[in-house]
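Protein chains in written order, with numbering that gives the first Met the number 0: chain C, 0 to 203; chain S, 0 to 203; chain G, 0 to 203; chain D, 0 to 203.
Think of the CB as a built atom: it goes at the ideal place given N, C-alpha and C, for glycine as much as any other residue.
There are 4 protein chains.
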Amino acid sequence: MKPAAERCEAPSPRALAQRERILCAAQECFVRHGFHAASMAEIAETARMSAGLIYRYFENKNAIIQAIIVRQMEEGASAIGQVHSPDELASALLEVFEHWQRGDHADKNAAQFLDVTAAAAREQEIAAVVQAANAQFGLHLREMLRRNAIREGFALDEEALTSRTVLLQSLISGLAVQSIRDPAITRSNLEGALRELISWLMRR
Amino acid sequence: MKPAAERCEAPSPRALAQRERILCAAQECFVRHGFHAASMAEIAETARMSAGLIYRYFENKNAIIQAIIVRQMEEGASAIGQVHSPDELASALLEVFEHWQRGDHADKNAAQFLDVTAAAAREQEIAAVVQAANAQFGLHLREMLRRNAIREGFALDEEALTSRTVLLQSLISGLAVQSIRDPAITRSNLEGALRELISWLMRR
Amino acid sequence: MKPAAERCEAPSPRALAQRERILCAAQECFVRHGFHAASMAEIAETARMSAGLIYRYFENKNAIIQAIIVRQMEEGASAIGQVHSPDELASALLEVFEHWQRGDHADKNAAQFLDVTAAAAREQEIAAVVQAANAQFGLHLREMLRRNAIREGFALDEEALTSRTVLLQSLISGLAVQSIRDPAITRSNLEGALRELISWLMRR
Amino acid sequence: MKPAAERCEAPSPRALAQRERILCAAQECFVRHGFHAASMAEIAETARMSAGLIYRYFENKNAIIQAIIVRQMEEGASAIGQVHSPDELASALLEVFEHWQRGDHADKNAAQFLDVTAAAAREQEIAAVVQAANAQFGLHLREMLRRNAIREGFALDEEALTSRTVLLQSLISGLAVQSIRDPAITRSNLEGALRELISWLMRR
DNA sequence: AATGAATGAGAGTTCATTCAT
DNA sequence: TATGAATGAACTCTCATTCAT
Numbered sequence: 000m001k002p003a004a005e006r007c008e009a010p011s012p013r014a015l016a017q018r019e020r021i022l023c024a025a026q027e028c029f030v031r032h033g034f035h036a037a038s039m040a041e042i043a044e045t046a047r048m049s050a051g052l053i054y055r056y057f058e059n060k061n062a063i064i065q066a067i068i069v070r071q072m073e074e075g076a077s078a079i080g081q082v083h084s085p086d087e088l089a090s091a092l093l094e095v096f097e098h099w100q101r102g103d104h105a106d107k108n109a110a111q112f113l114d115v116t117a118a119a120a121r122e123q124e125i126a127a128v129v130q131a132a133n134a135q136f137g138l139h140l141r142e143m144l145r146r147n148a149i150r151e152g153f154a155l156d157e158e159a160l161t162s163r164t165v166l167l168q169s170l171i172s173g174l175a176v177q178s179i180r181d182p183a184i185t186r187s188n189l190e191g192a193l194r195e196l197i198s199w200l201m202r203r
Numbered sequence: 000m001k002p003a004a005e006r007c008e009a010p011s012p013r014a015l016a017q018r019e020r021i022l023c024a025a026q027e028c029f030v031r032h033g034f035h036a037a038s039m040a041e042i043a044e045t046a047r048m049s050a051g052l053i054y055r056y057f058e059n060k061n062a063i064i065q066a067i068i069v070r071q072m073e074e075g076a077s078a079i080g081q082v083h084s085p086d087e088l089a090s091a092l093l094e095v096f097e098h099w100q101r102g103d104h105a106d107k108n109a110a111q112f113l114d115v116t117a118a119a120a121r122e123q124e125i126a127a128v129v130q131a132a133n134a135q136f137g138l139h140l141r142e143m144l145r146r147n148a149i150r151e152g153f154a155l156d157e158e159a160l161t162s163r164t165v166l167l168q169s170l171i172s173g174l175a176v177q178s179i180r181d182p183a184i185t186r187s188n189l190e191g192a193l194r195e196l197i198s199w200l201m202r203r
Numbered sequence: 000m001k002p003a004a005e006r007c008e009a010p011s012p013r014a015l016a017q018r019e020r021i022l023c024a025a026q027e028c029f030v031r032h033g034f035h036a037a038s039m040a041e042i043a044e045t046a047r048m049s050a051g052l053i054y055r056y057f058e059n060k061n062a063i064i065q066a067i068i069v070r071q072m073e074e075g076a077s078a079i080g081q082v083h084s085p086d087e088l089a090s091a092l093l094e095v096f097e098h099w100q101r102g103d104h105a106d107k108n109a110a111q112f113l114d115v116t117a118a119a120a121r122e123q124e125i126a127a128v129v130q131a132a133n134a135q136f137g138l139h140l141r142e143m144l145r146r147n148a149i150r151e152g153f154a155l156d157e158e159a160l161t162s163r164t165v166l167l168q169s170l171i172s173g174l175a176v177q178s179i180r181d182p183a184i185t186r187s188n189l190e191g192a193l194r195e196l197i198s199w200l201m202r203r
Numbered sequence: 000m001k002p003a004a005e006r007c008e009a010p011s012p013r014a015l016a017q018r019e020r021i022l023c024a025a026q027e028c029f030v031r032h033g034f035h036a037a038s039m040a041e042i043a044e045t046a047r048m049s050a051g052l053i054y055r056y057f058e059n060k061n062a063i064i065q066a067i068i069v070r071q072m073e074e075g076a077s078a079i080g081q082v083h084s085p086d087e088l089a090s091a092l093l094e095v096f097e098h099w100q101r102g103d104h105a106d107k108n109a110a111q112f113l114d115v116t117a118a119a120a121r122e123q124e125i126a127a128v129v130q131a132a133n134a135q136f137g138l139h140l141r142e143m144l145r146r147n148a149i150r151e152g153f154a155l156d157e158e159a160l161t162s163r164t165v166l167l168q169s170l171i172s173g174l175a176v177q178s179i180r181d182p183a184i185t186r187s188n189l190e191g192a193l194r195e196l197i198s199w200l201m202r203r
């Protein structure tokens, strides 16, 4: 019999819970070792189930990777996406940056963010998911910029919104990268300048 | 017997050429599939030699990866590192960004930049190389900022230099990431804002 | 995940049976070709299982070799070790010698005895096991000599016991060697002299 | 062109010298690692010539092994074979035993003696060489026994000669084995008993 | 005669996936 | 539903042997 994941019935709560357990375990392993180096055996052990059982809930390892990517996208959106003001953005970013630097958090993990992005550069299917999530996050930032301008009593044309969003998003992604490449970065040499930069990106 | 690469004799021109051929092939394969997914067999085929021969020039696959990483660091430095003014920096960045977006260049490749960074998050030895290269590049940017200030007739304290360098470097890394995550970015919606941002980072 | 052999749980009967199957197959192959020349593929085929499966029960080929060595030591002890009188010793020796000569017995095999000994000359870990087993067997012979003396109404000083044990043990080992080097040896030209020699070693 | 070794011309002195160099190097490597584990590359390096050149003097690795075996047989004969009295035999044996124990001598090496013997158990061609050499050495011992009897004024029938020779030869082989298996053996706990045993084997 | 670069078969090992239970 | 033993393909790496020079 095909695994539940493939039949068209609605998945039972049990099945959803199992999928969740698998995904959490996979996340942990992928964060530790990357997609390729993490083995199904390790994921199974982490999820405290047999290797065979995983295949009842996911077609194969790649399906888990894809699910993890979707999950990470949603996570990313909720982590920095739920902010509504420049100050909140800066604070959220500083907090996430600390997670990135420590590298101990399964959901806010810079290395995995890079793994996912690199995978998107190589596989079209993944690219689609990643680009969509990125676009959605971009839209969110863009709206924040727009609303902030209105709140401050001025307007930004679409072109300006676009380019500022691009830069803002690049900066955020870049902080993920630099959290790994430059362990010397401290909150203190980041905070002030970051707030200034964000303010500047929100200027008239 | 140890491969020539490990004996203390100076490597022959032939050996250097072979190493180069292997590294180019490896680069190509790593760009296509990532470090783990690229097989020695594929590298050998790409380099048009037998798999066994590679081991005369590199101790093992990991040694190739390390060499590629060092190479990519040097490449990165020479690509954006040789600039001396904000304008040159912006231009160089825009040019590199186009390579990143196209993804067709083995040396200026965003996916591989992310692979290397992710690897640095997981392996200490690689972290050392990457952090050193990143630090050197950061120093270069910092000096550029300092000299620009002097040229413009003002001075920046060390603290300001540090935080601006951090932001500038994050922005650059972030553009690599976004070249993959956001294929909608065009030169036109990047150029103006980028120059402005760089100028702003160089302000009094 | 580590193979069952390494986890601390008690091995299941199934696992023990599989290990046994592997060891028997390995024994066969090692006897035929020696430790190095026997391939994992051949062992797997002999055990009628896939090569990969072996690694669920043994960490690597070396672990199999070590297990075989331990096994052979135990076998050696039980083959000639369980004797309590000079006559029993001679008889046991003559019987084992026939196995050695025929070379068809996996457990009482002269070539493998030599392989193991040669391996002990080159690898410290193996040396430890072999020396321990040899010492234990020596002790057994020594006690036999001592008890026989007492039975016969005399005593042997420690020095005499030591040197006679050394010679007796050398003789036994040497018969293993000569079973290969001299196929002309027959039971008839060995039996009488051997009993005489053993008696002589047990003299007052 | 076939290597000199295969053509029917008499080998030039140069060729003989080269063969000798190769054999010495091979001996060294075989003693260190055994036949299988010693690589042609290592042999070439030890002989300070290129790997390719070896094939001008030997058809393949197996031919070297065979030559080494022949060589070792001759060596063995000359080491213990040149003795003419029980006392000389004991002395020679004690001296050789010390080499065996130290394991540092390329020609009088117990591990290699066992390697060769084990190889004889597996390959007919090698068996022939080894058995011949062993038989010749046996004959020498036998003659020594016979002459000693005559010298002492008695005669030994053929049967007695045979069985005593077998035992003597086994003892010698066994000392090679025990030099590895029992590092506790000292000259002092061997010497007296060994001389006694040899005398006993030479008795009326 | 000599080199050592090159080959290619085959080694040990790992691991995603399947399947009998 | 769940297990984990079993498979087999693919991996990295080694090495005896060949060959252009």
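Assuming residue i is part of the alpha helix (DSSP H), what are its boundary residues?
| i | result |
| --- | --- |
| HIS139 of chain S | 123-151 |
| ASN188 of chain S | 186-200 |
| MET48 of chain D | Run containing MET48 of chain D: none; DSSP gives neither H nor E here. |
| SER257 of chain S | Residue 257 of chain S is absent from the model: chain S starts at 0 and stops at 203. |
| ARG18 of chain C | 12-32 |
Going straight from the alpha carbon of residue i to that of residue j, what length do you get?
| i | j | result |
| --- | --- | --- |
| GLN71 of chain D | ALA120 of chain S | 57 angstroms |
| LEU189 of chain S | ALA159 of chain C | 10 angstroms |
| ARG146 of chain D | SER90 of chain D | 18 angstroms |
| GLY152 of chain D | LEU200 of chain D | 16 angstroms |
| SER198 of chain S | PRO85 of chain S | 7 angstroms |
| ALA148 of chain G | LEU155 of chain G | 7 angstroms |
| SER162 of chain C | ALA192 of chain S | 6 angstroms |
| ILE21 of chain G | ASN59 of chain G | 12 angstroms |
| LEU15 of chain D | ALA78 of chain D | 23 angstroms |
| ALA249 of chain S | VAL128 of chain G | Outside the shown range of chain S, which is 0 to 203, sits residue 249 of chain S, and nothing can be said about it. |
| GLU44 of chain D | CYS23 of chain D | 12 angstroms |
| LEU211 of chain D | ALA131 of chain D | What the structure shows of chain D is the stretch from 0 to 203, and residue 211 of chain D is not part of that stretch, so it cannot be assessed. |
| ALA109 of chain D | GLU19 of chain G | 32 angstroms |
Residues of chain S with a CB under 7 angstroms from the CB of residue i: which are they?
| i | result |
| --- | --- |
| ILE179 of chain C | THR116, ALA119, ALA120 |
| LEU113 of chain C | LEU113, THR116, ALA117 |
| GLN36 of chain C | Contrary to the premise, residue 36 of chain C reads as Ala rather than Gln in this sequence. Correct list: HIS35. |
Closer than 8 angstroms by beta-carbon distance: list the chain G residues that pair up with residue i, in chain order.
| i | result |
| --- | --- |
| ASN188 of chain D | GLU158, THR161, SER162, VAL165 |
At 9 angstroms on the CB atoms, spell out the chain S contacts of residue i, in chain order.
| i | result |
| --- | --- |
| HIS98 of chain C | Within 9 angstroms Cβ-Cβ: nothing; HIS98 of chain C doesn't reach chain S, min ~13 angstroms. |
| HIS104 of chain C | Simply none; closest approach about 13 angstroms. |
In chain G, which residues lie less than 9 angstroms from residue i when you measure between Cβ atoms?
| i | result |
| --- | --- |
| GLN17 of chain D | Residues of chain G passing the Cβ test: none, with the nearest at roughly 28 angstroms. |
| ALA109 of chain D | THR116, ALA117, ALA120 |
| GLY173 of chain D | LEU166, GLN168, SER169, LEU170, ILE171, SER172, GLY173, LEU174, ALA175, VAL176, GLN177 |
| LEU144 of chain D | Per Cβ cutoff of 9 angstroms: no residues; LEU144 of chain D is ~12 angstroms from chain G at best. |
Could you work out which residues of chain D lie near residue i, taking near to mean beta carbons separated by less than 9 angstroms?
| i | result |
| --- | --- |
| VAL128 of chain G | Within chain D, no residue comes near VAL128 of chain G; the closest Cβ sits about 11 angstroms away, beyond 9 angstroms. |
| ALA154 of chain G | Chain D residues near ALA154 of chain G: none, gap ~17 angstroms exceeds 9 angstroms. |
If residue i and residue j are in contact, beta carbons under 8 angstroms, what's the gap, nearest whole angstrom?
| i | j | result |
| --- | --- | --- |
| LEU167 of chain S | LEU140 of chain S | 5 angstroms |
| ALA36 of chain D | HIS32 of chain G | Incorrect: roughly 14 angstroms between the Cβ atoms, too far for contact. |
| ARG117 of chain S | LEU113 of chain C | Looking at the sequence shown, residue 117 of chain S is not Arg but Ala. So it is a contact: roughly 4 angstroms between Cβ atoms. |
| ILE67 of chain D | PHE96 of chain D | With 8 angstroms as the limit, ILE67 of chain D and PHE96 of chain D do not qualify as a contact, their Cβ atoms being about 22 angstroms apart. |
| GLY173 of chain C | GLY173 of chain S | 3 angstroms |
For residue i, which residues in chain G fall below 7 angstroms Cβ to Cβ?
| i | result |
| --- | --- |
| GLY75 of chain D | Here the premise fails: no neighbours, minimum Cβ distance about 11 angstroms. |
| ASN133 of chain D | ARG180, ASP181 |
Using a C-beta to C-beta distance shorter than 9 angstroms, which residues of chain C count as neighbours of residue i?
| i | result |
| --- | --- |
| PRO182 of chain S | ALA126, GLN130 |
Exercise. Please specify which runs of the alpha helix (DSSP H), each continuous and at least 4 residues long, are wholly inside the stretch 72-126 of chain D, giving them in chain order.
Key: If we require 4 residues or more, the alpha helix (DSSP H) runs fully inside the stretch 72-126 of chain D come out as 85-101, 109-121.
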